[in-house]
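Taken in sequence, the protein lines are chains A and B. Everything in the first sequence is counted per numbering that gives the first Met the number 0, starting at 0 for the first residue and increasing by one. Everything in the second sequence is counted per numbering that gives the first Met the number 0, starting at 0 for the first residue and increasing by one. Remarks on the structure that follows.
Number of protein chains: 2
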Amino acid sequence: MQRKATALDVAKRAGVSRSAVSLVLNGRGDGNVAKESQDRIRQAAAELNYSPNPIALSLRNQRTRVIGIVSDEVVTSPFDGNIIGGADDVARSRGFVTVVMDTELDSSRDASAVETLLDRQVDGLMYVTVGLKPLDVPQGMLRVPSILANCIDNAPVPRLHHVIPDEVSGGREATEHLLGLGHRDIAFLAGAQSSPAAPLRVQGFQSAFSAAGLPVRGDRAFLAGWDIDTGFHGAMKLLDGVSPAERPTAIMCANDRLAVGVVLAAARLGLSVPRDLSIMGYDDEFRIANTMVPALTTMALPLREMGAAAMTKLLDAVEGTVEEEADQDAGDPLETMVPCRLVIRESTGPVPPGSPK
Amino acid sequence: MQRKATALDVAKRAGVSRSAVSLVLNGRGDGNVAKESQDRIRQAAAELNYSPNPIALSLRNQRTRVIGIVSDEVVTSPFDGNIIGGADDVARSRGFVTVVMDTELDSSRDASAVETLLDRQVDGLMYVTVGLKPLDVPQGMLRVPSILANCIDNAPVPRLHHVIPDEVSGGREATEHLLGLGHRDIAFLAGAQSSPAAPLRVQGFQSAFSAAGLPVRGDRAFLAGWDIDTGFHGAMKLLDGVSPAERPTAIMCANDRLAVGVVLAAARLGLSVPRDLSIMGYDDEFRIANTMVPALTTMALPLREMGAAAMTKLLDAVEGTVEEEADQDAGDPLETMVPCRLVIRESTGPVPPGSPK
DNA sequence: TTGAAAGCGGTACCAG
DNA sequence: CTGGTACCGCTTTCAA
């Protein structure tokens with residue numbers, strides 16, 4: 000492996016000094032270097048396939064054009080990887096590189112991950128979580144421009160901007176979709192209390208009823224969990240041995256896995272979906288929602304958009320002018336909400352004709 | 000954010016030269032620096048919370064203690080993230096940092112990701128894929144110690160070591176589990192042709208029959224796809240309207256999602272699992288296999304072990320002595336196979352008593 | 001218009 | 001045992 004060409008190599012080949020090379024290649028040649036030399040330099044650089052050494056650049060400039068992304072478990076869990084995908088798209092398009100460190104839910108590793116990244120002089124930091132959650136922001140994140148994606152600064156007075164999905168309107172629009180199909184008795188398997196997303200979606204669920212002038216049945220929302228078995232057992236409780244008049248005509252789920260469990264329960268009970276029962280998912284989980292039988296109608300989380308929005312905001316701060324701090328205290332609400340997207344597939348349909356309500 | 004302490008700051012505070020600081024802090028103080036000075040230096044370093052600047056170190060040493068991990072879609076897809084988790088564990092424990100770049104299946108980004116990483120002077124590279132597959136190794140990977148995890152050098156004569164799961168014995172042991180339960184008519188939804196894993200698992204499937212002295216029914220293995228709907232439709236074809244005598248008593252699946260589809264089909268048809276039909280998955284996908292109803296018996300992919308094995312091998316080369324190249328040509332088979340693990344849960348059971356075969 | 005030199009933060013060699 | 005100095009690769013200032 001022969002060594003890479005350096006600016007000195009280029010200078011020698013072009014018969015000029017290193018400084019000239021630097022000036023020309025950084026676009027400040029005009030007015031400083033003779034046109035002729037400029038051409039020779041550019042040609043020499045091309046011939047040697049020269050590109051400046053990023054490490055030397057970092058040492059010199061004290062900026063690395065690297066953004067550190069810390070995640071709780073985005074890499075190692077099956078969820079929400081597209082937040083990073085969206086963020087990385089934006090970073091690359093603006094000439095930045097992202098490096099990802101996953102702490103695998105070990106919060107004691109948060110601080111050290113941040114310190115490691117800071118040590119390596121990242122120009123900015125992003126923290127990304129699986130599922131909306133409060134975050135004890137590692138101290139180090141306050142020392143460089145930083146942003147939160149899918150999590151919220153868990154301090155008395157929040158200091159970091161966050162980008163999150165609009166869960167309330169997600170829950171509301173999902174409910175509206177079902178109301179629009181004529182459903183009036185809708186059950187909601189709303190996930191688990193531990194996630195802040197759950198109550199927000201319930202809130203949207205309820206507000207859709209209110210807005211439609213319908214009574215809200217509080218006893219139709221259940222907090223139990225996020226997995227297939229929870230969906231299955233929840234649905235069995237709602238449907239098995241219950242007279243058709245007492246059964247909900249639709250079940251909304253706080254994620255697609257719950258919906259899988261509900262579909263399974265319906266199959267066991269001989270109920271046809273969506274003819275006898277409509278089922279909604281949430282998340283639009285890749286290769287689950289769209290490949291279920293029937294394919295799930297669901298509320299897609301705007302993962303890529305969230306990542307992109309967060310990275311855009313972060314890079315604006317990194318490259319920004321001096322007065323961004325002042326700005327922030329002024330108009331910036333410290334919060335960006337990205338709307339969810341309704342995806343209609345096959346698991347929802349009109350309320351059964353003879354439905355009693 | 001006040002600037003971090005440098006070696007010069009420490010030297011001043013301790014009243015010595017930078018060189019002394021360097022020697023002492025790198026353990027080469029004894030015999031070179033007076034005991035007294037050593038103490039002062041160490042104390043000053045502690046007081047200033049000094050740690051050497053990794054960027055300056057990189058520039059100086061031409062080594063960064065960073066390992067670059069390139070993946071096709073491990074970050075952004077829901078699969079195989081634990082390979083990176085296992086690799087990262089090992090790297091951290093040996094004082095290395097990993098940086099991950101995901102190309103999101105855009106193979107034209109492979110080369111540039113590798114070049115970017117190489118530009119930043121990573122000490123080694125690992126390529127990780129979702130699902131076993133052949134890889135057109137980016138040229139750059141040949142310039143530093145490199146290794147492949149879950150993929151195989153797709154060149155006439157392979158140059159890079161790879162770490163892969165032992166799919167043949169995985170397929171065999173899964174089949175043996177079912178044979179041991181008395182099943183003789185076992186169908187196999189074997190994934191899609193496009194993946195090299197599929198034929199290997201089929202091979203294991205067949206070899207289990209041969210080893211048991213049973214005839215192999217080649218018409219019982221199907222290549223169709225990897226998703227829930229494929230499993231569902233495959234199972235319907237095998238079971239729906241087929242007389243019990245003609246039905247397989249067990250269905251093996253090449254991944255857990257196929258198995259979900261099969262369970263769904265069984266529920267539709269009123270078949271009880273595992274009483275009427277045993278179902279096996281593959282992968283032990285997190286929060287799918289263990290939360291299905293019934294929970295899936297499956298063949299777990301050794302993801303963390305693969306990542307750990309690959310990183311161990313890579314770091315040995317990175318830190319290794321001079322003659323590793325020679326070594327390699329000698330005994331090293333360029334391949335590490337990690338065994339899969341049978342996980343028995345609830346979806347498999349003894350063959351139905353009256354079973355005709 | 002050009003080149004020499006300093007400095008980013010370290011390490012390592014070599015006189016003293 | 002100690003401190004001065006060169007060098008890693010690059011940018012930028014300053015004299016010539």
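C-beta: ideal position from N, C-alpha, C; glycine also.
| query | What residues of chain A sit near Ala110 (chain B), judged by a beta carbon separation below 8 Å? | reply | Those do not exist, as Ala110 (chain B) stays about 14 Å from chain A at its closest Cβ, beyond 8 Å.
| request: Can you pull the chain B residues whose beta carbon is under 7 Å from the beta carbon of Ala196 (chain A), in chain order? | output: Near Ala196 (chain A) there are no residues of chain B at all, since even the closest Cβ is about 17 Å away, more than 7 Å.
| task | Check Ile343 (chain B) in the structure and name its three-state DSSP category. | result | coil
| In terms of alpha-carbon separation, which member of B:Ser206, B:Pro77 and B:Leu178 lies closest to Val167 (chain B)? | B:Ser206
| query | Can you tell me whether DSSP reads Pro133 (chain A) as helix, strand or coil? | reply | strand
| Distance, Lys312 (chain A) Cα to Ser50 (chain A) Cα | 29 Å
| Using a beta-carbon distance below 8 Å, is Asn31 (chain A) in contact with chain B? | no
| message | Less than 8 Å between the C-beta atoms of Glu284 (chain A) and Gly85 (chain A), yes or no? | response | no
| Met100 (chain B), enclosing beta strand (DSSP E) - first and last residue | Val96 to Asp101
| query | Of the residues that make up the region 49-61 of chain B, which ones have a beta carbon closer than 8 Å to any beta carbon in chain A? | reply | Ser50, Asn52, Pro53, Ile54, Ala55, Ser57 and Leu58
| request: Report the three-state DSSP secondary structure of Thr174 (chain B) (helix, strand or coil). | output: helix
| task | Specify the secondary structure class of Ser111 (chain A) as computed by DSSP and reduced to three states. | result | helix
| message | Rounded to the nearest angstrom, what separates Asp326 (chain A) and Ser193 (chain A) at their Cα positions? | response | Here the model assigns Asp326 (chain A) a pLDDT of 45, short of 50, so the residue's position is not dependable, and the following value carries that caveat. Approximately 35 Å between the Cα atoms of the pair.
| said: Suppose contacts are defined by Cβ-Cβ distances below 8 Å. Is Ala186 (chain A) in contact with Leu237 (chain A) by that definition? | reply: yes
| request: Spell out whether any CB of chain B is found under 8 Å from the CB atom of Val342 (chain A). | output: no
| query | Can you tell me whether DSSP reads Ile40 (chain B) as helix, strand or coil? | reply | helix
| request: Would you kindly report the start and end of the unbroken alpha helix (DSSP H) that includes Gly30 (chain B)? | output: Unbroken run through Gly30 (chain B): none, as it is neither H nor E.
| field | Proximal residues of chain B, C-beta to C-beta of Ala266 (chain A) below 7 Å | value | Leu263, Ala266 and Arg267
| Do Gly169 (chain B) and Leu116 (chain B) come within 8 Å of each other at the CB atom, strictly closer than that value? | no
| said: Run through the DSSP bridge pairs and tell me what Met279 (chain A) is partnered with. | reply: A:Met251 and A:Thr296
| What's the C-alpha gap between Val337 (chain B) and Ile163 (chain B)? | 6 Å
| query | Does DSSP put Met291 (chain B) in a helix, in a strand, or in coil? | reply | coil
| task | Can you have a look at Glu72 (chain B) and say buried or exposed, based on whether 16 or more other CB atoms are within 10 angstroms of its CB? | result | buried
| task | Could you name the residues of the same chain whose beta carbon sits closer than 7 Å to that of Ala220 (chain A), not counting the 5 residues immediately before and after it, in chain order? | result | Phe187, Ala189, Val201 and Phe204
| Residues that DSSP places opposite Leu147 (chain B) in a beta bridge | B:Tyr126 and B:His161
| Of all Cβ atoms in chain A, is any one closer than 8 Å to the Cβ of Glu103 (chain B)? | yes
| task | Counting only the same chain and skipping the five closest in sequence on each side, list residues whose C-beta sits under 6 Å from that of Thr75 (chain A). | result | Asp101 and Glu103
| Is Leu188 (chain B) helix, strand or coil when you go by DSSP? | strand
| message | Assuming contact is defined by CB atoms lying nearer than 8 Å, are Pro77 (chain A) and Gly181 (chain A) in contact in what I supplied? | response | no
| Through-space distance from Leu268 (chain A) to Cys339 (chain B), alpha-carbon basis | 36 Å
| request: Could you work out which residues of chain A lie near Met291 (chain B), taking near to mean beta carbons separated by less than 7 Å? | output: Ile227
| Under 8 Å, do Val113 (chain B) and Pro137 (chain B) count as touching if we go by C-beta distance? | yes
| Between Asp239 (chain A) and chain B, is there a C-beta pair that is closer than 8 Å? | no
| said: Using 8 Å for Cβ pairs, my map puts Pro144 (chain A) next to Ala316 (chain A). What's the rounded Cβ distance? | reply: 4 Å
| query | Under three-state DSSP, which class holds Glu323 (chain B)? | reply | Confidence at Glu323 (chain B) is low in this model, with a pLDDT of 47, below 50, so the placement of that residue is unreliable and no value is reported for it.
| request: Indicate whether at least one CB of chain A lies closer than 8 Å to the CB of Arg64 (chain B). | output: no
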